[in-house]
Amino acid sequence: MHCLACIHCRQTYSPDTILYTCPACGHLLAVDYDLDAVHISRSDLFSRPLSVWRYRELLPVTVPPVTLSEGGTPLYHLKRIGESIGLPHLYAKHEGMNPTGSFKDRGMTVGVSMAIQLDMKMVACASTGNTSASLAAYAAAAGIPAVVLLPAGKVALGKVAQALMHGARVLSVAGNFDRTLEMVQELCISHGIYLLNSVNPYRLEGQKTIGYEVIDQLGVVPDRLVLPVGNAGNISAVFKGLSEWRDLGWIDSLPMMTGIQAEGSAPIVRAIHENLTEVIPEAHPETVATAIRIGAPVNAEKALIAIRKTGGCAASVSDDQILSMQRDLARVEGIGVEPASAASVAGIRQLVEMGAIDSDERIVCVVTGHLLKDPQTVISQCNPPEEIDATLPALLSALRL
Ligand code: F0G
Numbered sequence: 531m532h533c534l535a536c537i538h539c540r541q542t543y544s545p546d547t548i549l550y551t552c553p554a555c556g557h558l559l560a561v562d563y564d565l566d567a568v569h570i571s572r573s574d575l576f577s578r579p580l581s582v583w584r585y586r587e588l589l590p591v592t593v594p595p596v597t598l599s600e601g602g603t604p605l606y607h608l609k610r611i612g613e614s615i616g617l618p619h620l621y622a623k624h625e626g627m628n629p630t631g632s633f634k635d636r637g638m639t640v641g642v643s644m645a646i647q648l649d650m651k652m653v654a655c656a657s658t659g660n661t662s663a664s665l666a667a668y669a670a671a672a673g674i675p676a677v678v679l680l681p682a683g684k685v686a687l688g689k690v691a692q693a694l695m696h697g698a699r700v701l702s703v704a705g706n707f708d709r710t711l712e713m714v715q716e717l718c719i720s721h722g723i724y725l726l727n728s729v730n731p732y733r734l735e736g737q738k739t740i741g742y743e744v745i746d747q748l749g750v751v752p753d754r755l756v757l758p759v760g761n762a763g764n765i766s767a768v769f770k771g772l773s774e775w776r777d778l779g780w781i782d783s784l785p786m787m788t789g790i791q792a793e794g795s796a797p798i799v800r801a802i803h804e805n806l807t808e809v810i811p812e813a814h815p816e817t818v819a820t821a822i823r824i825g826a827p828v829n830a831e832k833a834l835i836a837i838r839k840t841g842g843c844a845a846s847v848s849d850d851q852i853l854s855m856q857r858d859l860a861r862v863e864g865i866g867v868e869p870a871s872a873a874s875v876a877g878i879r880q881l882v883e884m885g886a887i888d889s890d891e892r893i894v895c896v897v898t899g900h901l902l903k904d905p906q907t908v909i910s911q912c913n914p915p916e917e918i919d920a921t922l923p924a925l926l927s928a929l930r931l
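At position 67 of the sequence shown (counting the first as 1) the number is 597 in my numbering, and the numbers step up by one without a gap.
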């Protein structure tokens, strides 16, 4: 059994009320479980396939889930990049290998299942792209309509293509992501539409399974978990999930939660470095990593707790550092990710150079979305294909053979 609980005033609410923030104090909500009622042990899970639903006893869904087989993503040892920066135990969890190419699918399998459980007839979100692609696909799978609001001109092509093809109503808003999120929140509250941004505590429940899978794959708790941060939902979700495992006695330590933002939109990094209790929104966020081009992270309160309570840290990286790591992951390791995802590994490279990280740490970077999400940014960094005549000599000459 679970309920909704305010993370600030601790007021609790019935699990079937449609709430996104605490009516009493306005702060964020989280899903609270009665952990004494969890009557399985960690090893009971090992015989189940690696997936979001392996961990169903710690998820709020009671109806048959709306699923496209999410989770169970690969964990790669970054041998060469690790060696080049002096970290022999560096790993990447490739969330781009989910059904729609990002970690959002973990949130949406749970979030859209909850929409059905709560008898909601329509779903909506604002998005820098991936959330909209995922919501559109899961709404299609559930057979319910979806509305998505995108900041005009700032969403990578692959993501728009997905949202359109999966049949969502796609609206391009003349404003940035932060404004679209305000608009969709107003729409959902006034019109009884189910909001599936990360302010929805049920969606984050699905995303917490990233941390569970990492430990199940690695066999131990990593010293550090590194995530790119935009709206700050994912880092908060993973921390919450692992805290539950610790409270169950399934693990006895938590990784240092480490958040990486792009230099042009780094309000969480600033709050951590300046020891602020609240983030100061960035009015004009800008970065090539459009997925994390967010100035007012809605889950900031949760993320600051996650980073501070685990002795983690936050760092920002430039667009050049992000793109350079995107190329290294692709060319040195064979791992194709979108720019925002490369930010986590770029951040680690920078933290090592600053001497902020021990070389014997076991570090897992979550790479959040697939390379094909943003083909334009990829093409703009690469030389175009060489055009040749359709003859063998032309081919040999081009290859200098
Ligand atoms: N990486 C990718 C590829 C993302 O799409 C996002 C967020 C993040 C990282 C950051 O995660 O917001 O939980 O801190 N994308 C959202 C979207 C905002 O609309 O697709 P976060």
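Using N, Cα and C, we set each Cβ at its ideal position, and we do this for glycine too.
Quantities reported herein were computed from a predicted structural model and do not represent experimental measurements.
Counting along the chain, where does the alpha helix (DSSP H) carrying residue i start and finish?
i: Arg879; result: Pro869 to Glu883
i: Arg540; result: No alpha helix (DSSP H) contains Arg540, which DSSP labels as neither H nor E.
i: Ala818; result: The sequence given here has Val at residue 818, not Ala. Element bounds for Val818: n/a, residue is neither H nor E.
i: Ala860; result: No alpha helix (DSSP H) contains Ala860, which DSSP labels as neither H nor E.
i: Ser889; result: First-last for Ser889: undefined, no H or E at that position.
i: Ser927; result: Leu922 to Ala928
i: Val847; result: Per DSSP, Val847 belongs to no alpha helix (DSSP H); it is in the beta strand (DSSP E), Cys843 to Val847.
i: Asn764; result: Gly763 to Asp777
i: Glu831; result: Ala830 to Lys839
i: Ile781; result: First-last for Ile781: undefined, no H or E at that position.
i: Ile918; result: Per DSSP, Ile918 belongs to no alpha helix (DSSP H) and is neither H nor E.
i: Ala567; result: Looking at the DSSP string, Ala567 is not in any alpha helix (DSSP H), and its letter there is neither H nor E.
i: Ile798; result: Pro797 to His803
Should residue i go down as buried or exposed, given a rule of 16 or more other Cβ atoms within 10 Å for buried?
i: Ile918; result: exposed
i: Met695; result: exposed
i: Ser910; result: exposed
i: Phe633; result: buried
i: Asn761; result: buried
i: Arg754; result: buried
i: Glu883; result: exposed
i: Asp527; result: Because the chain is modelled from 531 through 931, residue 527 falls outside the range shown and cannot be assessed.
i: Val640; result: buried
Check for me: the beta strand (DSSP E) holding residue i runs from which residue to which?
i: Cys718; result: Element bounds for Cys718: not the beta strand (DSSP E) but the alpha helix (DSSP H), Phe707 to His721.
i: Met787; result: Met786 to Ala792
i: Tyr563; result: Leu559 to Tyr563
i: Pro758; result: Arg754 to Pro758
i: Ile969; result: Residue 969 cannot be examined here, being either before or after the span of the chain that is shown, 531 to 931.
i: Val653; result: Val653 to Ala656
Among the options, which residue has its Cα nearest to the Cα of residue i?
i: Ile822; options: Ala836, Cys843 and Pro797; result: Pro797
i: Pro604; options: Ile745, Ala656 and Ser662; result: Ile745
i: Glu774; options: Val568, Glu712, Gly763 and Ala669; result: Val568
i: His803; options: Ala844, Leu902 and Arg636; result: Ala844
i: Ala667; options: Leu901, Ile719, Ala870 and Lys689; result: Lys689
i: Arg540; options: Val561, Val882, Pro758 and Ser643; result: Val561
i: Arg636; options: His607, Val751 and Ser581; result: Ser581
i: Val591; options: Ser662, Glu735 and Thr921; result: Glu735
i: Val799; options: Leu834, Tyr606, Asp566 and Thr921; result: Leu834
i: Tyr563; options: His532, Pro545, Pro629 and Ser544; result: His532
i: Val867; options: Trp780, Lys903, Gly612 and Gln692; result: Lys903
i: Ala645; options: Asp546, Ser702, Tyr606 and Arg699; result: Asp546
i: Thr817; options: Leu922, Lys684 and Gly705; result: Lys684
What separation, rounded to the nearest whole angstrom, lies between the Cα atoms of residue i and residue j?
i: Leu617; j: Arg892; result: 8 angstroms
i: Ala671; j: Tyr732; result: 18 angstroms
i: Ala686; j: Gly601; result: 23 angstroms
i: Ser766; j: Leu726; result: 16 angstroms
i: Asp782; j: Val809; result: 30 angstroms
i: Ser790; j: Arg578; result: One point to set straight first is that residue 790 is Ile, not Ser, in the sequence displayed. Near 32 angstroms, if we compare the C-alpha coordinates of Arg578 and Ile790.
i: Ala928; j: Glu916; result: 8 angstroms
i: Val653; j: Met786; result: 34 angstroms
i: Ala924; j: Met855; result: 34 angstroms
i: Ile852; j: Val896; result: 14 angstroms
i: Ile723; j: Gly673; result: 15 angstroms
i: Met650; j: Leu772; result: 30 angstroms
i: Asn660; j: Ile887; result: 31 angstroms
i: Leu717; j: Ala826; result: 19 angstroms
i: Leu859; j: Ile878; result: 13 angstroms
i: Leu679; j: Ser871; result: 22 angstroms
i: Gly794; j: Ala873; result: 13 angstroms
i: Arg776; j: Leu598; result: 29 angstroms
i: Ala669; j: Val593; result: 16 angstroms
i: Asn805; j: Thr907; result: 34 angstroms
i: Thr658; j: Trp583; result: 26 angstroms
i: Asn730; j: Gly556; result: 14 angstroms
i: Ser614; j: Leu757; result: 21 angstroms
i: Leu901; j: Gly626; result: 8 angstroms
i: Val596; j: Asn764; result: 21 angstroms
i: Ile719; j: Met713; result: 10 angstroms
If you measure from the CB of residue i, is any heavy atom of the ligand MG nearer than 7 angstroms?
i: Thr630; result: The ligand MG is not part of this structure, which contains only the ligand F0G.
Could you tell me whether any Cβ in chain C is nearer than 8 angstroms to the Cβ of residue i?
i: Gly877; result: Absent from the structure is chain C; it holds one protein chain and no more.
Whole alpha helix (DSSP H) runs in the stretch 571 to 643 with 4 or more residues, listed along the chain?
-> 609 to 615
Run through the stretch 665 to 706 for me and flag every whole alpha helix (DSSP H) of 4 or more residues, listed as ranges in chain order.
-> 687 to 695
Any alpha helix (DSSP H) of 4 or more consecutive residues that is wholly inside the stretch 725 to 749 = 731 to 737 and 739 to 748
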